[in-house]
DNA sequence: CAACCGCCCTGGGTGC
DNA sequence: TGCACCCAGGGCGGTT
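In our numbering, the protein residues as written are 13 to 297.
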């Protein structure tokens with residue numbers, strides 16, 4: 013599943029291939045992929061054709077390619093992929109958008125089986141962090157890879173929430189980029205139970221938790237991200253290797269690498285948490 | 001306003 | 001072989 017390390021891997025790949033090349037053609041083969049572009053398909057195509065991508069940036073799981081005062085925003089959702097493909101290669105079965113360039117070289121193919129992801133054009137504007145970013149990321153917090161990320165400030169903000177700490181990690185407000193995999197991994201590493209309320213954490217353990225999230229995502233990035241199947245790959249279609257390093261996520265029944273007691277999987281808001289009930293003490297009911 | 005719920009979507013897997 | 005159902009789950013609109 014694409015979370016911060018996977019999206020960052022994709023960002024680096026796009027930066028290597030797609031910048032400063034005039035766009036020749038934009039094909040949209042599934043309208044749901046551009047549902048967030050309110051002005052519709054023709055407007056989407058008209059704004060892109062002839063433009064150049066100047067840079068590729070990211071905040072949390074949102075990715076964008078800048079073109080003058082606008083940006084092509086991309087969110088991978090659950091199963092989105094940005095593939096750099098030869099224009100002559102066969103179209104992927106789940107290709108939703110294709111962007112081709114006037115030089116006739118590598119094209120961008122946005123592939124998305126489950127269509128939770130998509131792209132739209134958005135205006136760039138200065139946000140509360142004094143960064144020039146698309147308006148559609150103004151509501152989320154900085155991620156731990158951002159040079160301006162303030163771990164102490166984020167920990168304080170986390171502690172204002174009267175909800176379970178895992179929910180607070182997942183909702184992108186205090187910190188962005190964390191999804192179910194890295195939430196479970198960070199909570200395991202910091203020995204915090206996912207159902208503890210965020211406001212029950214000491215300032216020190218909240219900081220420790222965010223530090224753990226940053227570390228685990230940094231490690232995952234070094235491995236090229238987490239791949240379980242063909243649904244997450246880099247721009248060249250290659251898998252990442254971090255799934256071999258997971259301590260809790262997807263490890264139900266296996267021994268906890270710290271204490272050897274079995275990792276447990278339990279229901280958590282329409283999905284699952286993976287944790288060590290011994291290392292991560294449950295809150296009092 | 002914070003918190004919470006349900007919906008969006010597909011293909012692979014499982015149980016009957 | 002076929003059908004119903006489950007599962008992956010981020011983001012967001014609507015409701016409490």
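Backbone N, C-alpha and C define an ideal beta-carbon position, used for all residues, glycine too. Here the structure is a predicted model, which is why all the values come from computation and not from measurement.
Residue nearest to residue i in terms of C-alpha spacing, selected from the options
i           : options           : result
residue 289 : 61, 280, 206      : 206
residue 115 : 267, 232, 144, 33 : 33
residue 27  : 216, 273, 68, 175 : 68
residue 21  : 246, 36, 129, 275 : 246
residue 282 : 53, 192, 88, 250  : 192
residue 89  : 75, 80, 230       : 75
residue 102 : 158, 119, 91      : 119
residue 252 : 237, 260, 268     : 237
Cβ pair residue i, residue j closer than 7 Å
i           : j           : result
residue 109 : residue 51  : no
residue 180 : residue 198 : no
residue 73  : residue 19  : yes
residue 42  : residue 133 : no
residue 31  : residue 65  : yes
residue 258 : residue 17  : no
residue 196 : residue 286 : yes
residue 128 : residue 35  : no
residue 3   : residue 222 : Nothing can be reported for residue 3: it is not among the residues displayed for the chain, which extend from 13 to 297.
residue 107 : residue 123 : yes
residue 228 : residue 208 : no
residue 152 : residue 121 : no
residue 79  : residue 63  : yes
residue 170 : residue 218 : yes
Per DSSP, cross-strand counterpart(s) of residue i
i           : result
residue 285 : 278
residue 85  : 76, 132
residue 121 : 95, 110
residue 267 : 274
residue 40  : 109
residue 138 : 144
residue 35  : 113
Delimiting residues of the beta strand (DSSP E) encompassing residue i
i           : result
residue 17  : No beta strand (DSSP E) holds residue 17; the alpha helix (DSSP H) holding it covers 16-29.
residue 144 : 144-146
residue 68  : 67-71
For residue i, the first and last residue of its enclosing alpha helix (DSSP H)
i           : result
residue 167 : 163-170
residue 50  : Residue 50 -> no alpha helix (DSSP H), and no H or E assigned at all.
residue 179 : 177-182
Review point. Which whole runs of the alpha helix (DSSP H) in the region 202-257 are 4 residues long or more, in chain order?
Key: 215-234
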